[in-house]
Structure formats: C-alpha cells, structure tokens
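Have a look at the structure below before the remarks.
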Amino acid sequence: MASASTTAAAIIDAEAIHRALEQGRSPDAAQVREILARGRQLGGLEAGEVAALAGISDPELLGELFESARQVKQAIYGRRLVIFAPLYVSNLCANECAYCAFRARNTGMRRRALTRGEIARETLELVRRGHKRVLLVAGESYPREGFRYVLDAIATVYATREGRGEIRRINVNVAPLSVEEFRDLKAAGIGTYQLFQETYHRETYARVHLAGPKRDYDWRVTAMDRAMQAGIDDVGVGVLFGLFDWRFEVLALMQHAAWLERAYGTGPHTISVPRLEPAAGSDLAAQPPFPVSDVDFRKIVAILRLAVPYTGIIMSTRETPNIRRETFSLGVSQISAGSRTSPGGYAEGESESGSDECGQFSLGDHRPLDEVVRSIAELGYIPSFCTACYRLGRTGRDFMDLARPGEIRHHCDPNALATFLEYLEDYASPATRAAGLALIDRLMSEMEPQGRQIAERLLAAVRAGQRDVFV
Ligand code: SAM
Ligand code: SF4
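Each residue of the sequence shown is one higher than the last, beginning at -5 in this note's numbering.
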C-alpha cells in the first residue's frame, strides 16, 4: 500500500521509458507476432512489449496489430458501447494551460459558473435527450463556496428528474484534490474520478503549463493515489496527445496503471485518449508540437486495448465520426455523444456556425445523440446507457474480479440491451427506433442461452413499462 505521500518518482520512471523505447525501436516480425499472440490471450502486455508494438511501421504487421486488438475488444466488450455526455458547469480557471481556451489570460472568453438553476436546466436538457450518464467538467477555480460548488453541482444533477428521465451516474473531471476533498467527492456519489496528466514528460509539462496551481506536475500525477486513499476505486487516467511523443506517453500510461495496480490492487477503470484540437486563442492547439496522425491514433487505441484489456477506453466528440467509427472496433468502449463544451451549451444551444463560442475546444462530431445512436446501431454496436456496476457497488477490484474471467459479459449484454430498449421506447426518433429494434432482435437470436435468458427477462420488464432494471 502506498503512503499518503507517494512521490511522482515512484509512479513514473522516464529513464526506463526511454530505454524501453530505444530497445523496441525496430522490432523484427517474429517478435511482434509473438507479442500479438500473447496480447490475444487477454493477459495484458509488459512495457518492453508495448514499446515494440509502438515501433511497428510495416503495413502487414500494422494490419495484424489492428486485427489482434479487434479480437480482444470483441472477446471482452462484445458489441457494447457505453454512451455519456459531458456537462460543463464552469469555465472559470486560474491556470494558464497553453492549449486550452479556458486559460486565465484568454480574455476573449465569456466566463461563468452555472447557478444551481442553470445546472438543473442543463441536466433536464440531457435527460430529455435520453442521457443517463454525465461527465461533470469544470475549470480550476470555483466561485465563493470553493470546492463545495462541485459537490452542490453533483447533488443538483442527481436531484433533477422528469418523468422516467434521470441521470444515474455522474463521473467527474475536475482538478486534483486533497484526500479530504476526495472523501467528500466519494460521499457525493460519483462514479469515476477522471484526470488527465496531459503529458507525463516533465519538461514538456513545465513548458505548456505556464501559471497557476496546475504547474505542479507532482501534485497532479499523485492525484489518483489520493483518490484511492479516499476510497474512490474507479479512476480514469489520460493523456492529451499532441503535446509530446505519443510513444513515451503510452508507456507512461502503462507505468501509471501498473503503479495503481501494485499499490491499491486495481488499475485505472478507464483511459481517455484526447487529441489536441484547435482552441480559441491558442497557437499551441492550432499547431501541436507532436501531431498524432490518424494511423498513429488508431495504433494508440489498438496498443492500449492489448496492453490493458480490461480498462475501458473513452473516445470523445473531439474526433470526427469517421475516426470514431474506426476506433470502435479497435478497442473503444465508451463514447460521448451530442456534446457541448461550454457551460450552458445544452439549454442555450450553439451558434449558427456550429461553433461553441464559449467552448473549450472545437469538436469533430456535432451530431445529436439520436443520430449517433442510430449510426452505432446500424454498425451493429449496442448503444448502452448502463450504470449497473456502479450502483451495485461493483467497482474497483470487485469489477475486475468479475471482468477478468469474462463473467461480466453475462451482466453487461443484458443490461446494455435493456437500457438501449429504454432509450428506444422513451426518446428515439422513428428511424432510430426501427434500426434499434431490428438490432435487438438480431442480437437476441445470436446470444448464448445464459445471457439470452437474462436479457429476455429484462427486455420484457422494460416493455411492460418498468425502468432501470439490471443484473
Ligand atoms: N480543468 C481541469 C483540468 O484541466 O484537469 C478539468 C477539466 S479540463 C476542462 C478537461 C481536459 O480537457 C483537460 O484535462 C485537457 O486534456 C482537455 N483539453 C484542454 N484543451 C484541449 C484542447 N485544445 N484539445 C483537446 N482537449 C483539450
Ligand atoms: Fe483550466 Fe483545465 Fe483548461 Fe487548464 S485544461 S486552462 S486547468 S480548464
């Protein structure tokens, strides 16, 4: 067990990463195939193996990497894609992150922290569209009440309901907290605590974080330790790709995950893979110092899928519908949909140009939730609004114990189908409903008996008017 004063050096060893990358620079084909075969056994990969996969450039081997990732994704996650929406409550920020429109010195941005009434209005908008999961996001500066502002915002979201609509799980992406604050966050009933290191490369970190509390690399990289010590066992890590060499970042993510596993018995619940997008008033965002090509981006997703098979991968609407589609099969398990990145953006809409003027960065996918759901269903994926694990206390190690032997599938597939049917009955347009019902019929006929029996029971309950049924 790590002590309350875990140091960054215990988590990230940059020298070891450079050494592994040097050794993995040009792996031979036999070596790569051996690593891929190991990855397909669902046991994860070591740092040296990840470095070798990062070094692949031969198109044939690349194809084999993608195919291996597809097999792992299919074996563990089947055809489910969990859906959520970000809820930006405030863009007040004391930091000077060179890539972000919310940074303090960007005076061109209208600043606001939503009031409780405004948060309830935003929540209602999301509920009326059919969302069940939100990711609450804020800049690093709170109104007068300090961090309590975030706790109140969470309480407001959970308390806002309409008819059958409600938000059932709130994940949170806010600046690093103290152990005491993390305890309050847990008591507020959050799902996952998410925080992206942005870059694990210390020098780059110092170069792009110019002022404010976020300059402290160590405080940020040890945040998950404090969260775990406060009893939050579902944490989500991430990197802002484009700031430094993606190969270094992927190995650092592996080190971070391995540390959490070693110290607390459970690795991260999710990994997010945001790529740097243009942001108002940011030259750095317009010209990323280490741009990640689309091929490399797919490679990142595929490598992560093999390296940490049971960790969810989150893909946001920063990416275009095309890239999102391509990465679903490679390993993505959660996506946001119909997103706005400005406080008040759901109830107040966006400008005619489609740009979110108070938004944090530009989006690649502007489609409304209904359209995203339809297109996912047409591709054969089940859009899932499931929140069962969190509500049954299946978090952290308990979740992994169920996930590892593959048992989780018998829960997830029926739960996904039941929440999908809820969506189709309560919110979908006629075209989406038709596509969705056809998909449910097809998947039910293909399901193995154990899962099908459970699914039939849950679907019958939803058809009979029950809501929020799960196993
Ligand atoms: N303010 C908190 C922080 O920085 O940790 C939490 C919320 S911040 C609004 C959420 C994330 O947005 C950041 O961690 C960063 O990775 C991402 N972000 C900032 N600027 C971005 C940009 N130009 N393109 C893509 N993602 C960006
Ligand atoms: Fe503030 Fe977060 Fe944007 Fe940095 S990334 S300027 S901390 S909102």
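Each residue gets a CB set at the ideal place from its N, CA and C atoms; glycine is no exception. Just so it is clear, the structure is predicted and the values come from calculations on it, not from any experiment.
Anyone know if the C-beta pair for Pro80 and Val131 falls short of 8 Å? On the sequence shown, position 86 is the one that residue 80 refers to. On the sequence shown, position 137 is the one that residue 131 refers to. Yes, the pair counts as a contact, with Cβ atoms nearer than the cut-off.
Measuring alpha carbon to alpha carbon, tell me which residue in Tyr304, Phe235, Arg138 is nearest Pro283. Mapped onto the sequence shown, residue 283 falls at position 289. Closest by alpha carbon: Phe235.
Asn89: beta carbon under 7 Å from a heavy atom of the ligand SF4? Indexing the sequence shown from 1 puts residue 89 at position 95. Within the cutoff, so yes.
Taking C-beta to C-beta, are Glu139 and Gly206 nearer than 8 Å? Taking the sequence shown and counting its residues from 1, the one referred to as residue 139 is at position 145. Taking the sequence shown and counting its residues from 1, the one referred to as residue 206 is at position 212. Result no, Cβ atoms of Glu139 and Gly206 do not sit closer than 8 Å.
Any heavy atom of the ligand SF4 closer than 7 Å to the Cβ of Cys94? To locate residue 94, count along the sequence shown from 1; it is residue 100. Yes.
The beta strand (DSSP E) spanning Ser62 covers which residue range? Residue mapping note: residue 62 aligns to position 68 of the sequence shown, counting from 1. Element bounds for Ser62: not the beta strand (DSSP E) but the alpha helix (DSSP H), 53 to 71.
Given that a residue counts as buried once 16 or more other Cβ atoms are within 10 Å of its Cβ, and exposed if not, what is Ala3? Sequence index remark: in the sequence shown, residue 3 carries index 9 (1-based). With fewer than 16 other Cβ atoms within 10 Å, it is exposed.
Please give me, in chain order, every unbroken run of the beta strand (DSSP E) with length at least 3 that falls completely inside the stretch 263 to 328. 264 to 266, 306 to 309
Give the single residue among Val463, Glu442, Arg461, Ser(-1) whose Cα lies nearest to the Cα of Asp212. Looking up residue 212 in the sequence shown gives position 218. When each option's Cα is compared against that of Asp212, the closest is Ser(-1).
If Lys67 and Leu324 are in contact, beta carbons under 8 Å, what's the gap, nearest whole angstrom? Counting from one through the sequence shown, the residue named residue 67 turns up at place 73. Counting from one through the sequence shown, the residue named residue 324 turns up at place 330. Yes, they are in contact, since the Cβ atoms of Lys67 and Leu324 sit about 7 Å apart, within 8 Å.
Exposed or buried, which one is Asn316 when buried takes at least 16 other CB atoms within 10 Å? As a working mapping, residue 316 is identified with position 322 in the sequence shown. By the 10 Å Cβ count, Asn316 comes out exposed.
Mind checking who Leu130 pairs with in its DSSP beta bridge? As a first step, residue 130 is located in the sequence shown; it is residue number 136 there, counting from the start. Leu81, Val166, per the DSSP bridge assignment.
Residues in its own chain within less than 7 Å of Ala412 by CB, not counting five upstream and five downstream? Here residue 412 refers to the residue found at position 418 when the sequence shown is read from its first residue. Leu452, Leu453, Val456, Val463, Phe464, listed in sequence order.
Are there any heavy atoms of the ligand SAM lying less than 7 Å away from the beta-carbon of Pro268, as far as the coordinates show? Taking the sequence shown and counting its residues from 1, one reaches residue 268 at position 274. Checking the Cβ of Pro268 against the ligand SAM gives yes.
For a test of the three-state rule: what should DSSP assign to Pro443, helix, strand or coil? Position 449 of the sequence shown, counted from the first residue, corresponds to residue 443. Here Pro443 sits in helix by DSSP.
For Leu75, I'd like the list of residues in its chain whose CB is within less than 8 Å of its CB, leaving aside the five on either flank, ordered along the chain. As a working note, residue 75 is residue 81 in the sequence shown. Contacts found: Phe322, Val326, Ser327, Gln328, Ile329, Ile370, Tyr375, Ile376, Pro377, Ser378.
Mind checking whether the beta-carbon of Ala169 lies closer than 7 Å to any heavy atom of the ligand SF4? Against the sequence shown, residue 169 aligns to sequence position 175. Checking every heavy atom of the ligand SF4 against the Cβ of Ala169, one is found closer than 7 Å.
Integer-rounded CB distance, given that Glu156 should sit under 8 Å from Arg122: In the sequence shown, counting from the first residue as 1, residue 122 sits at position 128. In the sequence shown, counting from the first residue as 1, residue 156 sits at position 162. Yes, they are in contact, since the Cβ atoms of Arg122 and Glu156 sit about 7 Å apart, within 8 Å.
For a quick check, are the C-beta atoms of Leu237 and Val202 less than 8 Å apart? Taking the first residue of the sequence shown as position 1, residue 237 is located at position 243. Taking the first residue of the sequence shown as position 1, residue 202 is located at position 208. Going by C-beta atoms, Leu237 is nearer than 8 Å to Val202.
Which residues does DSSP pair with Ile370 in a beta bridge? Here residue 370 corresponds to residue number 376 of the sequence shown, with the count starting at 1. In the DSSP output, where bridge partners are listed per residue, Ile370 has none listed.
Is it right to say Gln25 is buried, meaning 16 or more other beta carbons lie within 10 angstroms of its own, or is it exposed? Counting from one through the sequence shown, the residue named residue 25 turns up at place 31. Exposed, since its Cβ has fewer than 16 Cβ neighbours within 10 Å.
Supposed close pair Arg318, Asp290 - CB separation, criterion 8 Å: Position 324 of the sequence shown, counted from the start, is the residue given in the question as residue 318. Position 296 of the sequence shown, counted from the start, is the residue given in the question as residue 290. The Cβ separation is near 16 Å, so there is no contact.
If contacts are defined as beta-carbon pairs under 8 Å, then Leu55 and Ala296 qualify, I think. What distance do you get, rounded to the angstrom? Reading the sequence shown from its first residue, position 61 is the one you call residue 55. Reading the sequence shown from its first residue, position 302 is the one you call residue 296. Contact flag wrong, Cβ pair sits at about 11 Å.
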